[in-house]
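Below is one structure, written out as structure tokens; the observations come after it.
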Amino acid sequence: MQHGINSWLQIRENKLEELKTHSLITVEWKENKVIMIDQTKLPNSLEYVAYTNYNDVANAIKTLVIRGAPAIGVSGAFGMALAALQSSSETIDGFISDLKKAKEILFETRPTAINLSWGLEEMYDYALGCAQQGATVSEIKKDLIIHAKQMAEDDISINKKMGKNGVELFQNNDTIMTHCNAGALATVAYGTALGVIRATKDSGKNIKVIATETRPIQQGSRLTAFELKHDGIDVSLIPDTAVGYTMANGLVNGVIVGADRILRTGHVFNKIGTYQVATMAKQHNIPFYVAAPLSTFDLKSNPEDVIIEQRKASEVTGIGDKKTAPDGINVINPAFDMTQPELISGIITENGIAKPPYEESIKKLFEAKK
Ligand code: MRU
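One gets the numbering used here by counting positions in the sequence shown from 1 and adding 1250 to each.
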């Protein structure tokens, strides 16, 4: 269901004022609806969609109406809140079983970003906890909405903490490269990697950004360039193939990216191409940083356990509706890759910065969380 853009823009402006954040609000809960920016329409038009059915939220995640690890984590949580409202069960057992079904449907949408299962499990466990304490179905419904809204607000404050923690990493007049979109549009607002960039700029440093285009579906040119320009941050777009050129010619002082999943060993899963950027940064002695909340960490899995989403061939054989490859060509189109810890200078979280050796350092960040 589409909403009048002007009314949602007004809501967004009020919300920005309330949260004192100067970035887009990507997803929010309003009057029992999940409102999100339709990112498939960017940068050509800023349109909002509103959902009242969790199946539609699942479809939005699958079709990249919303994308970016923290944003899909919170969308999953909102999807669970919609599932709670949709349940017509009057018994706790029936209600919990409806939530379980919704959790499975939402989980099936995308496999790599761990924030999605984090958001779903958090909501499901919260409902179980309320049920164990004797809450009624209607009380749990209300509590789940409050809980999901809290998760969305926490996402913004966590991003701001990460921003502050990362501010000292870059110097005045630095040019920072980023890959894909780890900004407001990949979170509820403000962003992880772009949050650090926003905070660095707000600290008074004059910085510039180089955004990679990020083929095949161009999150860099469609989303990162859009949101940085929207916020008045100096950004230059490069084709992915110019990463080596810009680094070799002294045009890049540091790199910062987001993450979809980080293992206890410091292995980082992020948008396809991140590994190439990190390798090239190492070659040119340029620091390479990752910014991600603790909800992006997967302390249990090993590298070989992580499922890399494989996406459709048409993303590679064309750009938009225009065909750029011969019919019937074989295509390999992984959506994510893994960057080894040796290539990473530091991982910025809301609890501080993990530095090599990562296993030890990440453990400490989690202990500080308790
Ligand atoms: O396929 P996408 O657009 O969901 O991939 C997004 C990324 O890889 C981002 O860099 C990552 O989720 C970090 S977002 C803060």
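From the three backbone atoms N, C-alpha and C, an ideal C-beta is built for every residue, glycine too.
Every value quoted in this text rests on a predicted model; they were computed, and no experiment measured them.
- Between ligand 1 and Asn1431, a heavy atom-to-CB distance of less than 7 Å is present.
- Membership of Ser1388 in any beta strand (DSSP E) is not indicated; the residue belongs instead to the alpha helix (DSSP H) covering Val1387 to Gly1416.
- Rounded to the nearest whole angstrom, the C-alpha separation of Val1566 and Gly1416 is 35 Å.
- With a cutoff of 7 Å, Lys1521 counts as near ligand 1, since its C-beta is closer than that to a heavy atom of the ligand.
- Runs of the beta strand (DSSP E) lying entirely within the region 1544 to 1575 and spanning at least 3 residues: none are present.
- Close CB contacts of Asp1393 within its chain, under the 6 Å cut and outside five residues either way in sequence, are with Cys1380 (chain order).
- Going by DSSP, Val1446 is part of the alpha helix (DSSP H) stretching over Ala1443 to Asp1452.
- Ala1327 is a Cβ neighbour of Met1401, given a cutoff of 8 Å.
- For Glu1554 and Ile1579, the gap between their C-alpha atoms comes out near 28 Å.
- Asn1309: member of the alpha helix (DSSP H) spanning Tyr1304 to Lys1312, first to last residue.
- Within the model, the alpha-carbon separation for Thr1546 versus Ala1319 is close to 8 Å.
- When secondary structure is reduced to three states using DSSP, Ile1579 falls in the coil class, being assigned neither helix nor strand.
- Beta bridge pairing from DSSP links Lys1283 with Lys1280.
- Under a 10 Å Cβ-count criterion, Ser1295 is classified as exposed, with fewer than 16 other Cβ atoms of the shown protein chains found around its own Cβ.
- Ile1536 is a Cβ neighbour of Val1502, given a cutoff of 8 Å.
- When the alpha-carbon of Gly1568 is set against those of Ala1321, Tyr1440, Val1581 and Ala1509, the nearest one is in Val1581.
- By alpha-carbon distance to Leu1314, the top candidate from Ala1585, Thr1599 and Lys1605 is Ala1585.
- Counting along the chain, no alpha helix (DSSP H) covers Ala1300; the unbroken beta strand (DSSP E) around it starts and ends at Tyr1298 to Tyr1301.
- The distance from the Cβ of Leu1615 to that of Thr1589 is about 19 Å, inconsistent with a contact at the 8 Å cut-off.
- Using a C-beta cut-off of 8 Å, the region 1523 to 1533 makes contact with the region 1493 to 1508, since at least three inter-stretch Cβ pairs fall below that distance.
- Excluding five sequence positions before and after Asn1520, the CB atoms of its chain that fall closer than 6 Å to its own CB belong to Val1507, Ala1509 and Asp1510, given in chain order.
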